[in-house]
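Encoded as structure tokens, the structure appears first; notes follow it.
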Amino acid sequence: MNKISVMKFKTVFAIAIICFFVIGCKSKMAVDYNNIVVKDQQSLAKSMEQTEPQLKHYFFKKAVLNYFDYMKTIYTSYKNYGSESTPEGRIIGLAVISRVTNSEDKAIADMKQAQRIFAKDNGFKIQSSNQKQSGSLTASPANQ
5 MNKISVMKFK TVFAIAIICF FVIGCKSKMA VDYNNIVVKD QQSLAKSMEQ TEPQLKHYFF
65 KKAVLNYFDY MKTIYTSYKN YGSESTPEGR IIGLAVISRV TNSEDKAIAD MKQAQRIFAK
125 DNGFKIQSSN QKQSGSLTAS PANQ
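Numbering (the working numbering), first residue to last: 5 to 148.
Here it is as structure tokens:
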């Protein structure tokens, strides 16, 4: 059998099994099961609504930690390059610096995106700073 035939067979078999259980269930048992599922879904929805704001702060915190980890990596690679005493060590250090700085645009873009989302969720207005080199954003209250 080819893949399409196998997929069709699995689909038809799954539909047949579902139909068998739907037709075979007594209505009282099906209603009770449905009520249990709906009750569980509603309790999960309440829990998810309470947890969502905490997750937003977690994602911003994680983005900030990733950004500072990236900055630490840059400074560490420059420090290691400067402390190398051999030409081979300097070549390796330069390769590390090159690799790290290649991901600079992504690190800054990820941080800016996290800042925008956090500002939107907390009523801040984001403005780009005049310094294009720094890649930083400034925040001010939305009513200004």
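Glycine is no exception: its CB is placed at the ideal position from the N, C-alpha and C atoms.
Among the options, the one whose alpha carbon lies nearest that of residue i
i    : options               : result
I121 : S51, F72, N84, H61    : H61
F72  : K83, I101, E108, N126 : E108
S81  : N126, S87, I101       : I101
Y85  : M75, L98, Q58, F64    : L98
K124 : I78, F64, K76, Y79    : F64
Beta-carbon gap between residue i and residue j smaller than 7 Å
i    : j    : result
A113 : Y74  : no
T77  : V104 : yes
Cutoff 7 Å: residue i Cβ touching any chain D Cβ
i   : result
Y85 : Note that chain D does not occur in the displayed structure, where there is just one protein chain.
What alpha helix (DSSP H) runs, 4 residues minimum, are completely inside the stretch 48 to 131?
91 to 106, 108 to 126
Count Cβ pairs between the stretch 43 to 55 and the stretch 89 to 102 that sit closer than 8 Å; are there 3 or more?
no
Tell me, please, whether the stretch 64 to 78 touches the stretch 109 to 118 by the rule of three or more beta-carbon pairs shorter than 8 Å.
yes
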